[in-house]
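Worksheet: one structure, shown below.
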Amino acid sequence: MRDDNCIFCKIAAGEILSKTLYEDDKFRVILDLGPAAKGHALILPKDHYANLYELPEELAGDVMKLAKKMAKVMTEKLECKGFNLVQNNGEIAGQTVFHFHMHLIPRYEDDGQTIGWKPGSPSQEELEEIKNLITRD
Ligand code: AMP
Ligand code: ZN
């Protein structure tokens, strides 16, 4: 499964050169060209899925297993102090390349990055309403 107009399909297939950290039959892990921090990498499935909604369940599990392995190796080698996994779906959520990918972001003291959100302050009633919305059949 491939989209001929997709740059990550071409990178994953090895048709466009990348700094590859790991490769197997399902995935290629590459260094991000616009890194948030030293070693920022991306897990790319070799097959084209636009986002998490399209990603098959089994492959989603494989992505998380690979993220764990990469986080271990990268933390040892880079001697980073923490690690963010980031995965954006949809333009509104910050996705800019519409081929599923998981960001692996090593974190260092004073790296100057803030990966987060402004916390809201919902009431218990609002939380209850949202819980009901999500969990009702
Ligand atoms: P997202 O905003 O979650 O869609 O992330 C897309 C990421 O892909 C950004 O961090 C970009 O820096 C990165 N990126 C875009 N094009 C390339 C490329 N050709 N090689 C490596 N990373 C890329
Ligand atoms: Zn693609």
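First residue of the sequence shown? That's 40 in this note's numbering, and the numbers climb one at a time after it.
Glycine included, every Cβ here is placed at the ideal spot set by N, Cα and C.
Please read these numbers as outputs of a predicted model, since none were measured by experiment.
Closest by C-alpha distance to residue i, when choosing among the options
i	options	result
residue 109	164, 77, 143 and 171	143
residue 135	171, 59 and 71	71
residue 53	74, 85 and 42	85
residue 148	133, 141, 119 and 51	119
residue 44	66, 87, 56 and 160	87
Residue i - DSSP class collapsed to helix/strand/coil
i	result
residue 121	strand
residue 148	coil
residue 59	strand
residue 139	coil
residue 94	coil
residue 106	helix
residue 81	strand
residue 69	strand
Closer than 6 Å: residue i CB and nearest the ligand ZN heavy atom
i	result
residue 119	no
residue 43	no
residue 66	no
residue 47	yes
residue 140	no
Cβ-heavy atom distance, residue i to the ligand AMP, below 6 Å
i	result
residue 59	no
residue 152	no
residue 123	no
residue 133	yes
residue 136	yes
residue 94	no
residue 73	yes
residue 127	yes
Three or more C-beta pairs below 8 Å linking the segment 73 to 85 and the segment 105 to 122: When C-beta atoms of the segment 73 to 85 are compared with those of the segment 105 to 122, three or more pairs fall below 8 Å, so the two segments count as touching.
Can you confirm whether the segment 119 to 133 touches the segment 146 to 158 when touching is taken to mean that 3 or more C-beta pairs between the two stretches lie within less than 8 Å? yes
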